[in-house]
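Data block below; observations after.
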Ligand SMILES: [Zn+2]
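Numbering (this note's numbering), first residue to last: 8 to 76.
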């Protein structure tokens with residue numbers, strides 16, 4: 008799937024692909040991935056600047072969890 012050019016909210020280009028299914032803190036994660044946890048949702052992209060997360064239909068919400076990231 009093609010990664011979006013920029014965040015639809017803040018126009019940042021620091022877009023991360025949300026990767027699901029990380030079960031241990033030791034699991035390596037790519038530089039352009041964001042750990043979305045083990046609960047798979049429709050959200051596909053995460054903005055590293057404003058924490059907006061959205062799906063291919065443009066629906067989304069701000070990430071309020073994973074404060075350590
Ligand atoms: Zn953003």
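Glycine included, every Cβ here is placed at the ideal spot set by N, Cα and C. Since we're looking at a predicted model, the values are computed, not measured.
query	result
Secondary structure of residue 1, DSSP reduced to three states	Because the chain is modelled from 8 through 76, residue 1 falls outside the range shown and cannot be assessed.
Any non-hydrogen atom of ligand 1 within 8 Å of residue 71 CB	no
Candidates 57, 48 and 34: closest to residue 17 by CA position	57
Bridge partner(s) assigned by DSSP for residue 55	For residue 55, which the question treats as bridged, DSSP gives no partner whatsoever.
Start and end residues, beta strand (DSSP E) containing residue 40	40 to 44
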